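Everything on this sheet refers to the single structure shown next.
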Amino acid sequence: MRIVFVGPAGAGKGTQAKRLVEYLRIPHLSTGDMLRQARAEHSDLGRQAASHMDAGGLVPDPLVIRMVAERMDRDDCAAGCLLDGFPRTLEQARRLDQYLHDRGIRVDAALELRVDDGELFRRLMERHRPDDTAEVIRERMAVYQAQTRPLLDYYDRQGLLTSVAGVGSPDEVFARIREAVEGRRAASRDGASGVAPAT
Ligand code: AMP
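Per my numbering, residue 27 is the first one in the sequence shown, and the count goes up by one each step.
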């Protein structure tokens with residue numbers, strides 16, 4: 027399965043993504059982790075990404091798209107992968123669709139992990155990462171609203187979106203995610219075999 031995992035920073039996406047890739051046995055492609063690694067290695071990409079990341083903004087689309095395409099070309103992604111933190115813009119989503127379409131495959135499911143803004147801000151302030159100053163947090167939330175939220179409509183229009191409430195214990199949240207993924211998995215199986223889903 028190819029799954030897109032969408033949600034603002036602080037929604038608990040990282041924790042849930044780890045559990046989901048163990049459950050589905052597919053690679054976890056976190057663009058945030060990949061970019062942090064590029065920075066640690068002082069690669070060209072890392073240097074180009076740094077200032078955008080520090081300001082709470084997005085790394086330019088062409089850089090991120092190339093990074094993800096190179097990663098998805100590797101053999102371990104043949105049976106699917108979990109895209110965590112990508113796409114983050116409509117341009118990224120369209121380019122991802124094009125990439126998959128050229129290979130005769132597609133996104134099977136988009137999962138939204140939803141937490142309201144007040145709760146997010148509180149969680150992020152508690153997290154104390156060096157980039158988590160109040161100003162950077164506000165900027166990241168604004169960027170999410172402006173650039174990433176439109177993706178929810180984009181995937182909803184394709185019938186691929188399931189929204190999951192990100193509140194409760196990690197086990198409770200994961201149970202919702204697992205249910206959503208199993209529903210989508212059944213739907214793609216039926217679609218692939220030409221059997222109409224039950225109404
Ligand atoms: P994350 O760990 O997903 O919150 O990502 C950390 C930072 O990396 C973000 O604030 C962005 O600056 C950058 N980043 C991660 N994924 C993307 C993406 N898909 N597009 C652009 N920038 C990204």
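For glycine and all other residues, C-beta sits at the position ideal for the given N, C-alpha and C.
Computed from a predicted structure; not experimentally measured.
For residue i, which option in the options has the closest C-alpha, if you only look at C-alpha atoms?
i	options	result
ARG202	GLU165, ARG164, ARG45, ARG215	ARG45
VAL94	ARG148, HIS54, ALA136	HIS54
MET79	ASP143, TYR49, ALA35	ALA35
THR57	LEU150, LEU71, PRO196, GLU208	LEU71
ILE131	ASP99, PRO196, ASP197	ASP99
LEU61	ARG92, VAL47, LEU50, CYS107	ARG92
Within the same chain, show all residues whose beta-carbon is closer than 7 Å to that of residue i, passing over the 5 residues directly before and after it, in chain order.
i	result
ASP134	MET27, ARG28, ILE29, ARG210, SER214
ALA105	ILE52
In terms of DSSP beta bridges, what is residue i paired with?
i	result
ASP16	The structure shown has nothing for residue 16, since the chain only spans 27 to 225.
ALA135	ILE29
VAL190	LEU139
Measure how close the beta-carbons of residue i and residue j come, nearest whole angstrom, since I'm counting them as under 8 Å.
i	j	result
GLN74	LEU89	6 Å
VAL239	LEU177	Not covered by the structure: residue 239. The range shown for the chain is 27 to 225.
VAL141	VAL190	The Cβ separation is near 10 Å, so there is no contact.
GLU165	GLY40	The pair is not a contact, with the Cβ atoms about 19 Å apart (cut-off 8 Å).
ASP110	ALA43	4 Å
LEU126	VAL47	So it is not a contact: roughly 19 Å between Cβ atoms.
Excluding the 5 residues preceding and the 5 following residue i in the sequence, name in chain order all residues of the same chain whose CB lies nearer than 6 Å to its CB.
i	result
GLN173	THR115
TYR170	PRO34
In chain order, what residues of the same chain lie with their CB nearer than 8 Å to the CB of residue i, ignoring the 5 residues before and after it?
i	result
ASP87	THR115, GLU117, GLN118, ARG121
ALA206	ALA135, LEU137, THR188, VAL190
LEU146	PRO34, ALA35, GLY36, ALA37, MET167
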